[in-house]
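Okay, so here's the structure we're looking at.
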Amino acid sequence: MAKPASSDGAEPDGCGPAAAPALVALRCLVALVLLMASGGVINGTIYASMASFFAVGREIATCANALAFVLLAVVALRRPSLLDGRAITAGVAVTVVAGALCMAAGISLRNPPLLLAGLLCRSVSSAWATGLFTVALSTLPTGRSVLLVTAGGAVLSGAAGILIPAGCPVAAACAILAVCTIAPLALVQGIADPSLACIRQGGGIAMRDLKGFAPFVPLVLCMFLMAVASGYAIAFNQQNDAPVVNLAGDAIVAIVFVGLLAASPRKSEDLLFTLSVLLVVAGYLVAPYELVSASGFANALLGAGRDCFHLLLWILLAFVGRRNLFMLLPVVGFVRAASSLGTDVGAIVGHATNRLIASDPQLASIVASVMLFGFVAVLWTSFRRFSFTDAVNEVRLVTSPEIEGIGSRLDDACRVLGKQCGLTPRETEILVLLAKGRDGKFVAEKYVLSYQTVKTHIKHLYAKLSIHSRQELISLVDQTQVAMAAGTAEERAEG
1 MAKPASSDGA EPDGCGPAAA PALVALRCLV ALVLLMASGG VINGTIYASM
51 ASFFAVGREI ATCANALAFV LLAVVALRRP SLLDGRAITA GVAVTVVAGA
101 LCMAAGISLR NPPLLLAGLL CRSVSSAWAT GLFTVALSTL PTGRSVLLVT
151 AGGAVLSGAA GILIPAGCPV AAACAILAVC TIAPLALVQG IADPSLACIR
201 QGGGIAMRDL KGFAPFVPLV LCMFLMAVAS GYAIAFNQQN DAPVVNLAGD
251 AIVAIVFVGL LAASPRKSED LLFTLSVLLV VAGYLVAPYE LVSASGFANA
301 LLGAGRDCFH LLLWILLAFV GRRNLFMLLP VVGFVRAASS LGTDVGAIVG
351 HATNRLIASD PQLASIVASV MLFGFVAVLW TSFRRFSFTD AVNEVRLVTS
401 PEIEGIGSRL DDACRVLGKQ CGLTPRETEI LVLLAKGRDG KFVAEKYVLS
451 YQTVKTHIKH LYAKLSIHSR QELISLVDQT QVAMAAGTAE ERAEG
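Residue numbers (full-length UniProt numbering): 1 to 495.
Given below as structure tokens:
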């Protein structure tokens, strides 16, 4: 996606990272490994430890995660000015710590309400961490760099899972879970900040582009289907209420990764989709033969299909962010909500299959066959002529002049507020930077002022505007932009 030029010749206030692409890629890679490792900790230890007294909590937490993603999408569509990245991340970090403490205490005391509180904190924080990571990922300049980060993350997270075995002490698992959520936030926050500032300044652009979401409806459906397979793989043939671990899936993903690097990048998205479908079909076919052996090969195939589809998903989302940053978080929110709901459905079917294995193995094998039929039937009827590559190319391209216009309108609104409220020229300049998401330290460095002087300017600025927080400032600037746009429309109508 094109980056806006800086209005003052200094550091760009646009939508791209200031750091070197290689460093950005490395930080994104480490963040993804940690985020994926946190999922292993949840499934392998937390959920396994609570299965005996609060098994339904798993499904409740996954549904809550879906609702959190929907909320993120709605806020990005309707109230993007609320997306103050640093403030939300600070709140989420506190939520992560509180959630880890509640989960540890809830499992230790076998207290479902306390445990549920921790799980809900985890669900909310996971949604924001995923959204922030995706915004950071979209700043990578090429599809190949996105592939290197996401495929590398999938392979390395498998290795990390070996270092964090299922069934480790609950207190240690909760501590690891907190680190694996907070560390990625710290790694990608600085990368995502300029893009989030751009989204906040964009006002209703995403809402106006909502009709452009149509190409992603098939992606939402596919995500649901793949998540059902993933949930089934997590629950099927569980040992001590923990998912079966089989490194064959990681080996398959590594081979796919190498093959994609060697192959032509053209239509790589459709190739990934084909591979993921074949792997899931193979997993469902093998499942009836593993009802008693529990070798985990069916789980490995289903998991590899899921991971290949996730590679496709990350590539598509990064491309959406480069074409139209304002549509990125809505797409992330709805797609990942479908993922959470699909995981719930698949896990419920998987647990039901486990219960049938002892009483009626034939019926259990029929369940796996029905899952396969449903998967193939939907794909055959809906995706025979569908191309993910073509769908992403239909996303409206937001051009550099349009982004520059957003910054110009914000500057104009700040100048109008400055005149109306009697701000000094310096206070007006600071108002512009604060409205663009900058903090007091950045202002001090930009204008070569002491931090204490900047704090004094901000205090006077808040008093003159009759506001008390950064969010009120952003809302006031947004309201001014809307009023100015309405006034301009009336003038044109009269003319």
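Beta carbons: idealized from backbone N, C-alpha and C, even for Gly.
Helix, strand or coil at A242 [DSSP, three-state]: Against the sequence shown, residue 242 aligns to sequence position 242. Looking at A242 - three-state DSSP - the assignment turns out to be strand.
Alpha carbon to alpha carbon, how far is A129 from G190? For the purposes of this step, residue 129 is taken as the residue at position 129 of the sequence shown. For the purposes of this step, residue 190 is taken as the residue at position 190 of the sequence shown. Between the alpha carbons of A129 and G190 lies a gap of roughly 13 Å.
Can you give the Cα-Cα distance for R110 and M50, rounded to whole angstroms? On the sequence shown, position 110 is the one that residue 110 refers to. On the sequence shown, position 50 is the one that residue 50 refers to. Put simply, the backbone Cα of R110 is about 8 Å away from that of M50.
Can you give me the start and stop residues for the alpha helix (DSSP H) that S369 sits inside? As a working note, residue 369 is residue 369 in the sequence shown. Residues P361 to S382.
Closer than 7 Å: S138 CB and nearest the ligand NAP heavy atom: Among the components of this structure there are no ligands whatsoever, and the ligand NAP is therefore not found.
Using the Cα positions of Q481 and A25, report the straight-line distance between them to the nearest angstrom. For the purposes of this step, residue 481 is identified with residue 481 of the sequence shown, where counting begins at 1. For the purposes of this step, residue 25 is identified with residue 25 of the sequence shown, where counting begins at 1. Here the C-alpha atom of Q481 lies approximately 36 Å from the C-alpha atom of A25.
Collapsed DSSP secondary structure at R78 in the structure displayed: Position 78 of the sequence shown, counted from the start, is the residue given in the question as residue 78. DSSP places R78 within a helical segment (H, G or I) once states are collapsed to three.
Suppose the cutoff is 7 Å on Cβ atoms and the five residues either side in sequence are ignored; what does the same chain contact list for R415 look like? Position 415 of the sequence shown holds residue 415. So the qualifying residues of the chain are T428.
Does the structure place the region 336-343 close enough to the region 64-75 that three or more beta carbon pairs sit under 8 Å? As far as the Cβ criterion goes, the region 64-75 touches the region 336-343, which means the pair count is three or higher.
Short check: CB of S125 to CB of V179, under 8 Å? Along the sequence shown, read from residue 1 onward, the residue named residue 125 stands at position 125. Along the sequence shown, read from residue 1 onward, the residue named residue 179 stands at position 179. Judged by their CB atoms, S125 and V179 are not nearer to each other than the 8 Å cut-off.
Could you check the C-alpha separation between G283 and V97 for me, to the nearest Å? To locate residue 283, count along the sequence shown from 1; it is residue 283. To locate residue 97, count along the sequence shown from 1; it is residue 97. Those two C-alpha atoms are separated by around 37 Å.
What three-state label does DSSP hand T142 in the structure shown? By 1-based counting over the sequence shown, the position of residue 142 is 142. The three-state reading of DSSP puts T142 in coil, since its state is none of H, G, I, E or B.
DSSP-derived helix/strand/coil call for G422: Indexing the sequence shown from 1 puts residue 422 at position 422. Of the three classes helix, strand and coil, the one that applies to G422 here is coil, per DSSP.
Which residues mark the beginning and the end of the alpha helix (DSSP H) in which I315 is found? Here the question's residue 315 lines up with position 315 in the sequence shown. Taken as a continuous stretch (DSSP letters only), the alpha helix (DSSP H) holding I315 covers F297 to R323.
Option in G374, L291, C308 and R144 with minimal Cα separation from P361: Within the sequence shown, numbered from 1, the residue matching residue 361 stands at position 361. Ranking G374, L291, C308 and R144 by CA distance to the CA of P361 puts L291 first.
K436 (DSSP reduced to helix, strand or coil): Walking along the sequence shown from the start, residue 436 turns up at place 436. Reduced to three states, the DSSP call for K436 is coil.
Between which residues of its own chain and V376 is the CB-CB distance below 7 Å, once the five residues before and five after are set aside? Walking along the sequence shown from the start, residue 376 turns up at place 376. Counting only Cβ-Cβ distances below 7 Å, and skipping sequence neighbours, we find V281.
Just the C-alpha distance for L476 and S108, rounded to the nearest angstrom, thanks. Walking along the sequence shown from the start, residue 476 turns up at place 476. Walking along the sequence shown from the start, residue 108 turns up at place 108. Near 47 Å, if we compare the C-alpha coordinates of S108 and L476.
Rounded C-beta distance between I430 and V443? I'm assuming under 8 Å. Along the sequence shown, one-based indexing puts residue 430 at 430. Along the sequence shown, one-based indexing puts residue 443 at 443. So it is a contact: roughly 5 Å between Cβ atoms.
Return the first residue and the last residue of the alpha helix (DSSP H) that D193 is part of. Here residue 193 refers to the residue found at position 193 of the sequence shown. That run of the alpha helix (DSSP H) goes V170 to Q201.
Expressed to the nearest angstrom, what Euclidean distance is found between the alpha-carbon atoms of A337 and K441? Numbered from its first residue, the sequence shown carries residue 337 at position 337. Numbered from its first residue, the sequence shown carries residue 441 at position 441. C-alpha separation (whole angstroms): 37 Å.
For V335 versus L328, is the C-beta distance shorter than 8 Å? Residue 335 sits at position 335 when you count from the first residue of the sequence shown. Residue 328 sits at position 328 when you count from the first residue of the sequence shown. No.
Measuring CA to CA, which of T150, M36 and F53 is closest to L317? To locate residue 317, count along the sequence shown from 1; it is residue 317. That would be T150, whose Cα lies nearest to the Cα of L317.
Is R110 helix, strand or coil by DSSP? Position 110 of the sequence shown, counting from 1, holds the residue named residue 110. In the three-state reduction of the DSSP assignment, R110 falls in the coil class.
Assign Q201 to one of two classes, buried (16 or more other C-beta atoms within 10 Å of its C-beta) or exposed (fewer than that). Position 201 of the sequence shown, counting from 1, holds the residue named residue 201. For Q201, the number of other beta carbons within 10 angstroms of its own is at least 16, and it is reported as buried.
Kindly list the residues whose CB is nearer than 8 Å to the CB of E59, restricted to its own chain and excluding five residues on each side of it in sequence; keep chain order. What you label residue 59 is simply residue 59 of the sequence shown in a count that begins at 1. These residues qualify, in order along the chain: D344, A347 and I348.
On a Cα-Cα basis, can you pick out the residue from A248, E269, S339 and P330 that is closest to A298? As a working note, residue 298 is residue 298 in the sequence shown. Residue A248 is the option with its Cα nearest to A298.
S44, enclosing alpha helix (DSSP H) - first and last residue: Stepping through the sequence shown from its first residue, residue 44 is reached at position 44. The residue asked about is misnamed: residue 44 is Gly in this sequence, not Ser. Unbroken run through G44: none, as it is neither H nor E.
L29 to V146 span [Cα, whole Å]: What you label residue 29 is simply residue 29 of the sequence shown in a count that begins at 1. What you label residue 146 is simply residue 146 of the sequence shown in a count that begins at 1. C-alpha separation (whole angstroms): 9 Å.
As assigned by DSSP and simplified to three states, the class of L291: For the purposes of this step, residue 291 is identified with residue 291 of the sequence shown, where counting begins at 1. Looking at L291 - three-state DSSP - the assignment turns out to be coil, as it is neither helix nor strand.
Does DSSP put N65 in a helix, in a strand, or in coil? Locating residue 65 in the sequence shown gives position 65, where the first residue counts as 1. Helix, per DSSP.
Inter-residue CB distance, T106 and L32 (contact presumed, cutoff 8 Å): As a working mapping, residue 106 is identified with position 106 in the sequence shown. As a working mapping, residue 32 is identified with position 32 in the sequence shown. For the sequence presented, residue 106 should be read as Gly rather than Thr. About 28 Å separates the CB atoms of G106 and L32; that is not less than 8 Å, and the two are not in contact.
Please tell me whether L114 and G57 are closer than 8 Å, where the distance is taken between their beta carbons. Along the sequence shown, read from residue 1 onward, the residue named residue 114 stands at position 114. Along the sequence shown, read from residue 1 onward, the residue named residue 57 stands at position 57. No, the Cβ-Cβ distance between L114 and G57 is not below 8 Å.
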